[in-house]
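Number of protein chains: 2
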Amino acid sequence: MATIYEVSALAGVSLSSVSRVLNDHQHVSEKTKKKVMDAMQELGFRPNSVARSLASNRSNCIGILVSELHGPFYGAMLSEIETELRKAGKHSIVTAGHSNEQSEKEGIEFLIDRNCDALIMLVDALPNEYFVKLKKNKTPFTVLNRHIPEIEDNCFYLDNELGGYLATKHFIEHGHKHIAYISGPLSKQDATDRFHGHQRALKEANIPLNDALVVEGDYLIQSGRDGMASLLDTGINFTAVACANDEMAAGAMKTVRDRGFTMPDDYSIIGFDNVFFTEYLYPQLSTINFPIKDMAKMSTQWILKHVYKQKNIDVENFFKPELITRESISHI
Amino acid sequence: MATIYEVSALAGVSLSSVSRVLNDHQHVSEKTKKKVMDAMQELGFRPNSVARSLASNRSNCIGILVSELHGPFYGAMLSEIETELRKAGKHSIVTAGHSNEQSEKEGIEFLIDRNCDALIMLVDALPNEYFVKLKKNKTPFTVLNRHIPEIEDNCFYLDNELGGYLATKHFIEHGHKHIAYISGPLSKQDATDRFHGHQRALKEANIPLNDALVVEGDYLIQSGRDGMASLLDTGINFTAVACANDEMAAGAMKTVRDRGFTMPDDYSIIGFDNVFFTEYLYPQLSTINFPIKDMAKMSTQWILKHVYKQKNIDVENFFKPELITRESISHI
DNA sequence: TTGTATGCGTTATCAG
DNA sequence: CTGATAACGCATACAA
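Right, here's the structure in full:
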């Protein structure tokens, strides 16, 4: 591995000059620039990024923390961020938080220790205050899918309440009056927001909320299956079920079919997130679009703007969900 | 940010002593150890991983290169690797190759430049020779889903041919004689291997291969839809279609249904990979299990063993696919 | 067991 | 525009 020493020797210039062309500073004569470039070429010189990082305190790496590395939702997000970052010549170092406070904390500290220039996080367990404090540190960051009032500008979030509202309102517009709800884990803000939206739509239509028709899931498919099963077992009449995410909707569809019912005739179903597999389902799942890609992209733009001082970047923190109508909902 | 200088000052010992406890070397008296620990505690000392990396030439980071960060297959792999690595106190820095030679190469070089202790790669475009050469470098690596004879020990691969064989053999055992095939991109080794397996099963049953009943896809869902459509449009009679992966199978199922046919009565379908959403489909998709998690885990074990010298680790390079029977195949 | 001195490969600060 | 020289924070032979 050639170093800048050898380059400088071969080029017959000083270390500093080599360093200058490496970081294409202005104020370097074309002549020495060429000499240096040639020498680098000849030696197959590759700058040592670790040494660079130590000396300059910049790594050109962005740390990314997500709950899990698998799953359609996180996958789309990761992919989008990596693509955007790479376009800008930056790189991603990613780690998983597993929705566990300790683990999330370790992940964040690791990324910071790693000298990341900035962080992009999607975090479940850590409380808001953690981030408020974190902002006092020197590493800039953004937070996805979470609204933390004190540091609003760093947050990129969806109007989950509106999403929940749109979903059941759609049912109501199709004549449904008896609407069940399979919620996400109510310890999470997005789950409660979505549920509140559901309630608002109901209220607006003067339909009382029937507690027996709401079950709490955990966003995973099995809880959708179980939730639907217990809903059916109540014996209470209902014609539609709104699910707080697509995974649980897929699970619910499964038990509907297992019980010998058809969709959307016997039961109408709607999901939330609009992950890729909603189109693979049968019937294709109507759902609420979560523009995670746009949000992921925007959060990297924020970093390009604030950390790397790129110009002409407008950032938007607040996103709106949209109804996606497909085949899983019937008129009544 | 406190440094070991300040720690050593406060503890009243030398730099080296601090360094020693940091790397828990033997030969450090309990007394000085305690002094140092206390000092670290008091100063909230956090070792600078970049400086460490520069001085020791070790980063405790493993570079991971996959084709895409999204998608069920890569997601499962990434997740497994990250989990295993983290258990061992190592960290992942991941990047995407986008199945493009230039991009893959850049990714690999980036990871190496980043001083990764080792690499785990799933690469499509780069030729075998690249890896043979790469082995001459100092950064150890493993390659997933690829058999490169010259460097077999670094490879973790599936018997794709057997998988393809099992799939159509299963059809044949169910009485199917007219079997279509939607292959992956035949420029990729795994796709041709799977296709060869298909041919072997046919041959073994004395069923001639009908070229008109094989179409080439690209492993994405749309090509499954299109492939099935063109298969149907041939007007040739067939009762089963083997797909080279689950995505394409999902696509094929879509057009079967769009054309008003039912599964598995009119058409039987089998996939390949056994990604998570195969169970969400209707009918649930029979498929070939690709033990990607086991393989991902094994490849990190290899690294733990060879790079970090952990003991008692047995590695296995060669994996067998298995038939997963669900609901998408009928008797005839 | 502990301390000293030097190196790791760059960047950055100043002079010139 | 160019060149010394001092950081950057830690690891590590070597000596004590």
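Going down the list, the protein sequences come from chains E and C.
Going by this note's numbering, the first sequence runs without a break in its numbering and finishes at 1001.
Going by this note's numbering, the second sequence runs without a break in its numbering and finishes at 1001.
Beta carbons: idealized from backbone N, C-alpha and C, even for Gly.
Bear in mind the structure is a predicted one, so any value in this text is a computation, not a measurement.
Start and end residues, alpha helix (DSSP H) containing Glu-778 of chain C: Segment 770-782, the alpha helix (DSSP H) holding Glu-778 of chain C.
Backbone CA spacing between Cys-730 of chain E and Leu-780 of chain C [nearest angstrom]: Going from the Cα of Cys-730 of chain E to the Cα of Leu-780 of chain C covers about 12 angstroms.
Three-way DSSP call (helix, strand, coil) for Leu-795 of chain C in this model: Looking at Leu-795 of chain C - three-state DSSP - the assignment turns out to be coil, as it is neither helix nor strand.
Proximity test, Cβ basis, 9 angstroms: Thr-808 of chain E and chain C: Not an interface residue.
Range covered by the beta strand (DSSP E) that runs through Leu-813 of chain C: Boundaries of the beta strand (DSSP E) around Leu-813 of chain C: 810-813.
Per DSSP, cross-strand counterpart(s) of Thr-956 of chain E: E:Ile-993.
DSSP-derived helix/strand/coil call for Thr-672 of chain E: Thr-672 of chain E sits in coil when the DSSP states are folded into three classes, being neither helix nor strand.
Listed by chain order, chain E residues near Ile-762 of chain C by CB distance under 7 angstroms: Near Ile-762 of chain C (Cβ distances below 7 angstroms), the residues of chain E are Ile-762.
Where Met-790 of chain C falls: helix, strand or coil (DSSP): DSSP places Met-790 of chain C in strand when its eight states are reduced to three.
Under 9 angstroms from the C-beta of Phe-779 of chain C: neighbouring residues of chain E: Within 9 angstroms Cβ-Cβ: Ser-718 and His-760.
8 angstroms Cβ cut-off: residues of chain C touching Asp-859 of chain E: Going along chain C, no residue has its Cβ under 8 angstroms from Asp-859 of chain E, so there is no contact; the nearest lies around 21 angstroms.
The region 918-926 of chain E touching the region 713-731 of chain E, judged by at least three CB pairs closer than 8 angstroms: Touching, no.
Best match in C:Glu-821, C:Glu-737 and C:Met-706 for proximity to Asn-986 of chain C [C-alpha to C-alpha]: When the alpha-carbon of Asn-986 of chain C is set against those of C:Glu-821, C:Glu-737 and C:Met-706, the nearest one is in C:Glu-821.
Ranges of the alpha helix (DSSP H) found wholly within the region 687-768 of chain E, counting only runs of at least 4: Complete alpha helix (DSSP H) runs here, min 4: 699-712, 718-725 and 741-756.
Cα-Cα separation between Met-706 of chain C and Asp-693 of chain C, rounded to whole angstroms: Note on geometry: alpha-carbon atoms of Met-706 of chain C and Asp-693 of chain C lie some 11 angstroms from one another.
Collapsed DSSP secondary structure at Leu-878 of chain E in the structure displayed: The answer is coil: DSSP assigns Leu-878 of chain E none of H, G, I, E or B.
Cβ neighbour criterion (16 or more within 10 Å) applied to Asp-849 of chain E: Residue identity check: residue 849 of chain E is Ala in the sequence provided, not Asp. Residue burial is scored here from C-beta neighbours: Ala-849 of chain E has at least 16 other C-beta atoms within 10 angstroms and is therefore classed as buried.
Cβ pair Glu-830 of chain C, Ser-852 of chain C closer than 9 angstroms: In this structure, Glu-830 of chain C sits away from Ser-852 of chain C, with a CB-CB distance that is not shorter than 9 angstroms.
Neighbouring residues, chain C, relative to Asp-782 of chain E (Cβ below 9 angstroms): Under the 9 angstroms cutoff, chain C gives Arg-715, Pro-716, Asn-717, Ser-718 and Val-719.
Helix, strand or coil at Phe-864 of chain E [DSSP, three-state]: It is helical.
CB contact check: Met-656 of chain C to chain E, cutoff 9 angstroms: There is simply no residue 656 of chain C to check, as chain C begins at 670 and stops at 1001 in what is shown.
Per-residue burial, Thr-947 of chain C [other beta carbons within 10 Å of its own, 16 or more giving buried]: Buried, by the Cβ-count rule.
Anticipated Cβ contact below 8 angstroms, Ile-673 of chain C with Val-682 of chain C, distance rounded: For Ile-673 of chain C against Val-682 of chain C, the beta-carbon gap comes to about 10 angstroms, at or over 8 angstroms, which does not count as contact.
CB contact flag (Ile-957 of chain C, Ile-938 of chain C, <9 angstroms): No. Outside cutoff.
For Gln-695 of chain C and Thr-701 of chain C, the rounded distance between their alpha carbons: Cα to Cα, Thr-701 of chain C sits roughly 12 angstroms from Gln-695 of chain C.
Residue burial classification, Met-897 of chain C (beta-carbon count within 10 angstroms, cutoff 16): Its Cβ being crowded by 16 or more others within 10 Å, Met-897 of chain C is buried.
Cys-942 of chain E - partner residues in DSSP beta bridges: Rather than Cys, the amino acid found at residue 942 of chain E in this sequence is Asp. Answer is E:Asn-958, bridged to Asp-942 of chain E.
Lys-774 of chain C versus Val-763 of chain C: straight-line alpha-carbon distance, rounded: For Lys-774 of chain C and Val-763 of chain C, the distance between alpha carbons rounds to 14 angstroms.
Chain C residues whose Cβ lies nearer than 7 angstroms to that of Arg-926 of chain E: Tyr-951, listed in chain order.
Pick from C:Lys-759, C:Cys-912 and C:Leu-878 that is closest to Gln-891 of chain C, judged by C-alpha positions: If we check each option's Cα against that of Gln-891 of chain C, C:Cys-912 comes out closest.
Delimiting residues of the alpha helix (DSSP H) encompassing Glu-830 of chain E: Taken as a continuous stretch (DSSP letters only), the alpha helix (DSSP H) holding Glu-830 of chain E covers 829-842.
Beta carbon proximity, Tyr-743 of chain C to chain E, threshold 9 angstroms: Chain E, which has a Cβ nearer than 9 angstroms to the Cβ of Tyr-743 of chain C, makes this yes.
Within chain E, partners of Ala-794 of chain C - CB distance below 8 angstroms: Going along chain E, no residue has its Cβ under 8 angstroms from Ala-794 of chain C, so there is no contact; the nearest lies around 16 angstroms.
Cut-off 6 angstroms between Cβ atoms - residues of its own chain near His-847 of chain E, not counting five sequence neighbours on either side: Once the five neighbours on either side are set aside, the close Cβ partners of His-847 of chain E are Asn-906, Phe-907 and Thr-908.
Unbroken stretches of the alpha helix (DSSP H), 4 residues or longer, contained in the region 881-939 of chain C: Those alpha helix (DSSP H) runs which fall completely within the region 881-939 of chain C and span 4+ residues are 890-902 and 915-927.
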